[in-house]
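Take any residue in the sequence shown, count from 1 to its spot, add 3: that is its number in the numbering used here.
Every residue, glycine too, gets a C-beta built ideally from N, C-alpha and C.
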Amino acid sequence: MLIGLIADTHDHVPHIKKAVEVFKDREVELVLHAGDYCSPFTIPHFEGLNLKGILGNNDGDKYLLMDKFESIGAELEGEFMEVETGNLHIAVYHGTYQPITKALHKSGIYDVVITGHTHTIANQMIGTTLAINPGSAHGFEGDATIALLDTETKRVEFVDLN
4 MLIGLIADTH DHVPHIKKAV EVFKDREVEL VLHAGDYCSP FTIPHFEGLN
54 LKGILGNNDG DKYLLMDKFE SIGAELEGEF MEVETGNLHI AVYHGTYQPI
104 TKALHKSGIY DVVITGHTHT IANQMIGTTL AINPGSAHGF EGDATIALLD
154 TETKRVEFVD LN
């Protein structure tokens, strides 16, 4: 199974549209968003994806974000989400508090921990846990990136949206 990973879109609609196009072209079965959409107006651009997401530290009107998620048939959890898919137990947390991120990585409970927040890509094994940060889909002054996770091989591919 191929999962799309995205975080820190920060209202950048052109990059959201590119990411959605990549996810559809690559036929991902699930997209996990690790937070920081910022404004609810961005959510309809994800329509047509099997999207599950969490909130980040810069997300504004949380209730309107929930409504927008519901309107496109997507799921928005709070600040943390567990996903069971195939053979993987996945945690998704924005990464706002580094001690929590480190505890998730070192807990041994999860096969994969997905975070955002730092706007820096990461793909490393910490003990038995694969720690992934897809980077910032916004890009700011650097690369705008998303990631694809193959759940069978645990191989991660980063995709540049610039």
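Asked	Found
Can you check whether the CB of A147 is closer than 8 Å to the CB of H18?	yes
By the 10 Å Cβ neighbour count, where 16 or more other Cβ atoms means buried, how is P47 classified, buried or exposed?	exposed
Does DSSP classify Y40 as helix, strand or coil?	coil
Give me, in chain order, the residues of the same chain whose beta-carbon lies closer than 7 Å to that of D14; leave out the 5 immediate sequence neighbours on both sides.	C41, S42 and T45
For M128, which option in I103, G63, N61 and V159 has the closest C-alpha, if you only look at C-alpha atoms?	V159
Let's test the definition: count the other Cβ atoms within 10 Å of the Cβ of K65 and tell me whether it reaches 16, buried, or not, exposed.	exposed
May I ask you to report which of helix, strand or coil DSSP gives Y113?	coil
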